[in-house]
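In what follows, a structure is listed as structure tokens, so that the remarks can point back to it.
Numbering (my numbering), first residue to last: 2 to 130.
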């Protein structure tokens with residue numbers, strides 16, 4: 002398939018990053034174009050690889066996910082951001098700050114894949130869910 006959704010993954014836990022990379026690449030209509038272990042690298046990679054969708058951990062050391070979200074919404078508004086976090090409070094703030102969606106880390110992985118797919122095919126600036 003030629004029009005695959007380009008996904009960047011940012012999470013500080015190596016096992017989470019690699020599991021998400023595997024799950025994204027296993028989908029026929031998606032491809033993982035990079036992984037970042039912290040907020041600064043995430044921002045750099047967004048500029049370098051121009052993903053359509055960013056799966057963003059809400060709680061990373063250094064520059065946390067919410068700061069990355071605020072920056073990217075202003076600087077790279079074409080990227081749809083799916084916040085991926087263990088804390089429901091972060092979801093509330095993330096949606097208010099412009100995330101396309103938020104998925105809790107204890108949810109089934111199918112929910113995350115569905116959110117990424119919806120984000121990848123949604124018009125830029127569309128409503129969040």
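Glycine included, each C-beta is placed from N, C-alpha and C at the ideal position. Remember, predicted model here, so these are calculated numbers, not experimental data.
- Item | Residues of its chain near residue 50, where Cβ-Cβ distance is below 8 Å and the 5 sequence neighbours each way are ignored | Taking the first residue of the chain shown as 1, we reach residue 50 at position 49. So the list reads 7, 9, 34, 35, once near-sequence residues are dropped.
- Which residues in the same chain have their Cβ closer than 6 Å to the Cβ of residue 130, if we skip the five residues on either side of it in sequence? The count along the chain shown starts at 1 and reaches residue 130 at position 129. Only weak support exists for where residue 130 lies, its pLDDT of 49 falling under 50; the coordinates are left without a value.
- Residues bridged to residue 81 (per DSSP): Walking along the chain shown from the start, residue 81 turns up at place 80. 54.
- In or out: residue 11 buried (at least 16 other Cβ within 10 Å) or exposed? For this step, residue 11 is matched to residue 10 along the chain shown. Answer is buried; the Cβ neighbour count reaches 16.
- Exposed or buried, which one is residue 134 when buried takes at least 16 other CB atoms within 10 Å? As shown, the chain starts at 2 and ends at 130. That puts residue 134 outside it, with no answer to give.
- Task: State the DSSP-derived secondary structure class of residue 4, mapped to helix, strand or coil.
- Result: What you label residue 4 is simply residue 3 of the chain shown in a count that begins at 1. Correct three-state label for residue 4: coil.
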